[in-house]
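What follows is a single structure, written as structure tokens, with notes after it.
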Amino acid sequence: MALTRGIGVLLGTGFVLMWSSGFIGAELARDAAAPETVLAWRMILMTLVLGVVVVCRRRPIATRGLVLHTVVGALAQAGYLYGVVAAASNGVSAGTSALIAALQPLVAAAAAAVFLGESVRGRQVVGLLLGIGGVALVVSGDLGVSGAPAWAFALPGLAMLSLVAGTLVERRYESRVGLPEALAIQCAVSAAIFTGFSLSTGGFVPPATSGFWFAVVWVVVLSGIGGYGFYWASLARMGVGRVSSLLYLTPPVTVLWSWFMFATPVSLSGLLGLVVSAFAVVLVMLPGRASRSDRVSANAPAEVHQAPEVPLGAASPTVTSGGTPTRFPQ
Numbered sequence: 135m136a137l138t139r140g141i142g143v144l145l146g147t148g149f150v151l152m153w154s155s156g157f158i159g160a161e162l163a164r165d166a167a168a169p170e171t172v173l174a175w176r177m178i179l180m181t182l183v184l185g186v187v188v189v190c191r192r193r194p195i196a197t198r199g200l201v202l203h204t205v206v207g208a209l210a211q212a213g214y215l216y217g218v219v220a221a222a223s224n225g226v227s228a229g230t231s232a233l234i235a236a237l238q239p240l241v242a243a244a245a246a247a248v249f250l251g252e253s254v255r256g257r258q259v260v261g262l263l264l265g266i267g268g269v270a271l272v273v274s275g276d277l278g279v280s281g282a283p284a285w286a287f288a289l290p291g292l293a294m295l296s297l298v299a300g301t302l303v304e305r306r307y308e309s310r311v312g313l314p315e316a317l318a319i320q321c322a323v324s325a326a327i328f329t330g331f332s333l334s335t336g337g338f339v340p341p342a343t344s345g346f347w348f349a350v351v352w353v354v355v356l357s358g359i360g361g362y363g364f365y366w367a368s369l370a371r372m373g374v375g376r377v378s379s380l381l382y383l384t385p386p387v388t389v390l391w392s393w394f395m396f397a398t399p400v401s402l403s404g405l406l407g408l409v410v411s412a413f414a415v416v417l418v419m420l421p422g423r424a425s426r427s428d429r430v431s432a433n434a435p436a437e438v439h440q441a442p443e444v445p446l447g448a449a450s451p452t453v454t455s456g457g458t459p460t461r462f463p464q
């Protein structure tokens, strides 16, 4: 039990750190090139790296999994990332983008309750609402002074909705695909989208500057492989609501990243927001008392279901839409 919780803490910590680095990467790339150029080369490099891993693993991918992660990649990677990077390119600060993206828990929890039947306790609702206040404290001073056009603030909001949609699709439909294979499919789809976009705008050729490639390597290693890897790995052990609640920590952590990378001053409201956000996550993440029906179900014999479209020799373990790692025959 202690080991399981420890793994969960490590996954959650890694997810928050790596996911927050993506907003810093957007800042680094803001003056380097157009959003579609940065994202095209990010996804091309990620596809190459993950492609090598997939080839070495030699795990079959069922058609169902291929189709599912094609859709998830278009939503949770291409849609989300373009919104964040485009917002930074139009003057929206990293902290503000992180704040708007951190509204995802309320949207994801509500949608998961409606479409996936996941329960949301009263304490979790309080924690989610408290988290809103915490992240608002962190970036309260930025909303009126960033100089970004009003429409640009809609970009991280649309990015957040795209990520929610991708998350719900992945959770709703059965996907017996290993994590490297899933990420490879998603990145390949995103690479095709951004390459086509950048070719159509004449921005595919990368600038010959060290700043551009530093930004690309940053988003590939940290926010790309690290961020999405920790995201789906955490999602496999927790529900949508709990994993999404960790996004409340990304605005204050992004502020700390900005202080470290760009010497951006950290205000008292930022530090207070970090404390409030951390408390909100504790409220959401703490396990609740199991109901009588839950205890009966936990003690009952497990029902065995045959997994559809899973060939022998599939990946083990895998990320599934049920949120639990599943082993297949070797």
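For what it's worth, the numbering used here labels the leading residue of the sequence shown as 135, then goes sequentially.
We treat Cβ as the ideally placed atom computed from N, Cα and C, and that holds for glycine.
{"Check": "With 16 other Cβ atoms within 10 Å as the buried cut-off, status of VAL387", "Outcome": "buried"}
{"Check": "Backbone secondary structure at VAL415 - three-state DSSP", "Outcome": "helix"}
{"Check": "Beta-carbon proximity of THR181 to PHE338, cut-off 8 angstroms", "Outcome": "no"}
{"Check": "8 angstroms Cβ cutoff, HIS203 in contact with chain B", "Outcome": "Among the chains of the structure shown, chain B does not appear; only one protein chain is present."}
{"Check": "Start-to-end residues for the alpha helix (DSSP H) that takes in ARG329", "Outcome": "Reading off the sequence, residue 329 comes out as Thr, not Arg. 313-335 is the extent of the alpha helix (DSSP H) around THR329."}
{"Check": "Proximity to THR197 [Cα-Cα], best of ILE319, LEU356, PRO283 and THR384", "Outcome": "ILE319"}
{"Check": "CB contact flag (GLY146, LEU381, <8 angstroms)", "Outcome": "no"}
{"Check": "Inter-residue spacing [alpha-carbon to alpha-carbon] between CYS321 and VAL206", "Outcome": "10 angstroms"}
{"Check": "Given ALA316 as reference, the closest of GLU304, LEU333 and LEU215 once Cα atoms are compared", "Outcome": "GLU304"}
{"Check": "Reference TYR365; option with closest CA among GLY140, PRO283, MET152 and ILE141", "Outcome": "MET152"}
{"Check": "Which of helix, strand or coil DSSP assigns to MET152", "Outcome": "helix"}
{"Check": "Distance between TRP391 and PRO399 (C-alpha atoms, nearest Å)", "Outcome": "11 angstroms"}
{"Check": "Range covered by the alpha helix (DSSP H) that runs through SER227", "Outcome": "Premise fails: SER227 is in no alpha helix (DSSP H) and is neither H nor E."}
{"Check": "Among VAL143, GLY140, GLY148 and ARG139, the one whose alpha carbon lies nearest that of GLY363", "Outcome": "GLY148"}
{"Check": "Proximal residues to VAL410 (C-beta, below 8 angstroms), its chain only, five neighbours per side dropped", "Outcome": "LEU264, GLY265, GLY267, GLY268 and LEU271"}
{"Check": "At least 3 beta-carbon pairs within less than 8 angstroms: the segment 159-166 vs the segment 222-229", "Outcome": "yes"}
{"Check": "Spatial neighbours of ALA282 in its chain, beta-carbon cut-off 7 angstroms, leaving aside the 5 residues before and after", "Outcome": "ASN224, GLY225 and VAL226"}
{"Check": "Other residues of its chain near PRO341: CB distance less than 6 angstroms, five sequence neighbours each side excluded", "Outcome": "ALA167"}
{"Check": "8 angstroms Cβ cutoff met for VAL323 and ARG176", "Outcome": "no"}
{"Check": "Contact under 8 angstroms by Cβ, LEU302 with ALA247", "Outcome": "no"}
{"Check": "Limits of the alpha helix (DSSP H) - the one that GLY300 falls within", "Outcome": "288-306"}
{"Check": "Cβ shell of ASP428 (< 8 angstroms), same chain only, five flanking positions each side left out", "Outcome": "Caution applies to ASP428, whose pLDDT of 39 falls short of 50 and renders its modelled position unreliable; the value that the coordinates give is listed next. Excluding positions up to five away in sequence, the list is empty."}
{"Check": "Span of the alpha helix (DSSP H), counted from its first residue to its last, around ALA370", "Outcome": "361-371"}
{"Check": "Which of helix, strand or coil DSSP assigns to ILE158", "Outcome": "helix"}
{"Check": "Per-residue burial, LEU184 [other beta carbons within 10 Å of its own, 16 or more giving buried]", "Outcome": "buried"}
{"Check": "Cβ neighbours of LEU295 in the same chain (closer than 8 angstroms, five flanking residues each side left out)", "Outcome": "VAL241"}
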